[in-house]
Structures are given as structure tokens and as C-alpha cells.
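Start counting the sequence shown at 1; every next residue gets the next number (UniProt numbering).
All residues carry an ideal CB built from backbone N, CA and C; glycine is no exception.
In this text, all values refer to a predicted model and were calculated from it rather than measured experimentally.
What follows is a short report on a single structure.
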Amino acid sequence: MVCRDQTDMQRCPHRMLLLSQLPEDVLYHILSHLDCTSLSRLSQVCKSIYRFVSRDEVWRKIAKECLNTGITRNGTDIYPDLQLKERVKVAHNWLDGLCKRTIPLKWKTKLLPWLQLDGDMLYLSQAADIGAFHLCRESGRLQRHPSEIFSGHRVLK
């Protein structure tokens with residue numbers, strides 16, 4: 001008999017546990033026998049299992065076997081701020097030759113862009129508009145979207 005929910009479990013003669021009800025150490029042991037694809041599919045079952053499967057401890061064994069995940073042979077993590085699950089995904093995509101090429105700037109008309117850095121603002125011309133991008137001093141990164149766009153007569157001010 002299969003117990004589908006809590007009420008079925010109460011009537012069930014064998015008192016079966018749900019996977020998410022197992023103790024964490026037992027669940028870690030079970031998950032240590034799964035491969036990357038199986039773990040990814042298991043994480044799609046429900047939110048509680050997704051949160052558990054997303055833990056670095058679950059992915060550590062697989063990450064040791066992958067190329068360039070930041071786990072050394074002795075098991076130390078050289079990139080503790082990045083999730084192991086994401087690093088394993090990137091490593092597998094790299095081996096399979098899957099990558100995304102993003103083009104940061106696109107123009108409909110072929111014009112030479114103009115750049116000017118003024119303090120913490122980078123001004124970039126794109127066709128008839130000039131975008132003002134804020135530069136973060138701590139990280140050295142630009143905002144993804146311009147904080148202001150100048151076009152027409154506003155460019156001359």
C-alpha cells in the first residue's frame with residue numbers, strides 16, 4: 001500500500017516516512033549515492049527537498065570529481081561564497097561545451113560609441129542617447145541599467 005499523504009500514513013499499517021521526514025544524516029547518506037542529474041531532478045520535487053539538496057554538503061562529493069569547482073583534493077573550498085551546486089553546473093556545462101555568449105552592448109545603427117568616466121559615473125553613447133551608469137567604488141562594477149538617459153536637447157545641458 002502506498003501512503004500518499006498524512007491521513008493515509010496514519011491508516012497505513014507499515015507507518016512509512018516521507019523522504020523529507022528522514023533525519024538529515026540519513027538523507028545525506030542517501031543523496032551521496034546520486035549523480036548530478038539525479039540530484040537536480042530530486043530538487044524539483046518540493047521546496048523543502050530543494051532547500052536541502054541545494055546545500056553545499058550534498059554537492060561536495062560531486063564537486064571533488066569535477067574539474068574547476070574550487071574544491072581541492074584535500075577537500076578545502078577555495079570559493080566559499082559561491083554555491084557548490086552552481087559551480088558543479090558550470091563545470092558540467094563547460095565539459096559539454098554549453099555556454100551562453102552575452103553581448104553587453106547592442107546598437108541598431110552602426111555608430112562608434114563614446115565613453116567618458118567622470119568620477120563615479122560612466123557616460124556611454126548609444127546611437128542618439130547617452131546613458132549614465134553608476135560605478136560602484138567597492139566592487140568596481142557598473143550598474144546593469146543606466147541611472148539616467150540623456151537624449152535630444154538634454155544631451156547639450
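Nearest in C-alpha terms to S147, of all of F133, R41, V90, is F133.
Residue state for G131 is assigned as strand, using DSSP reduced to three classes. Annotation: the continuous alpha helix (DSSP H) that includes Y50 extends over 47 to 53. The Cβ atoms of L67 and A91 sit closer than 7 Å to each other.
Taking 7 Å as the cut-off, the Cβ atoms of L135 and D120 count as close. A direct Cα-to-Cα measurement between E138 and L122 gives close to 16 Å. The shortest C-alpha to C-alpha distance from P80 to any of N93, D96, A63, W94 is the one to A63. Counting the other Cβ atoms within 10 Å of the Cβ of L84 gives 16 or more, which makes it buried. Annotated as distal: V53 and T69, with beta-carbon spacing of 7 Å or more. Secondary structure of Y123 (DSSP, three-state): strand. Ranked by how close their Cα comes to the Cα of L18, the residues I49, R41, L82, A128 have I49 in first place. Counting other Cβ atoms within 10 Å of its Cβ, V58 reaches 16 or more and is therefore classed as buried. Within its own chain, the residues whose Cβ lies closer than 7 Å to the Cβ of K61, once the five positions on either side in sequence are excluded, are S32, listed in chain order.
Here L82 has G70 as same chain residues with Cβ atoms under 8 Å from its own Cβ, once five neighbours each way along the sequence are excluded. Per DSSP, the unbroken beta strand (DSSP E) holding E148 starts and ends at 148 to 151.
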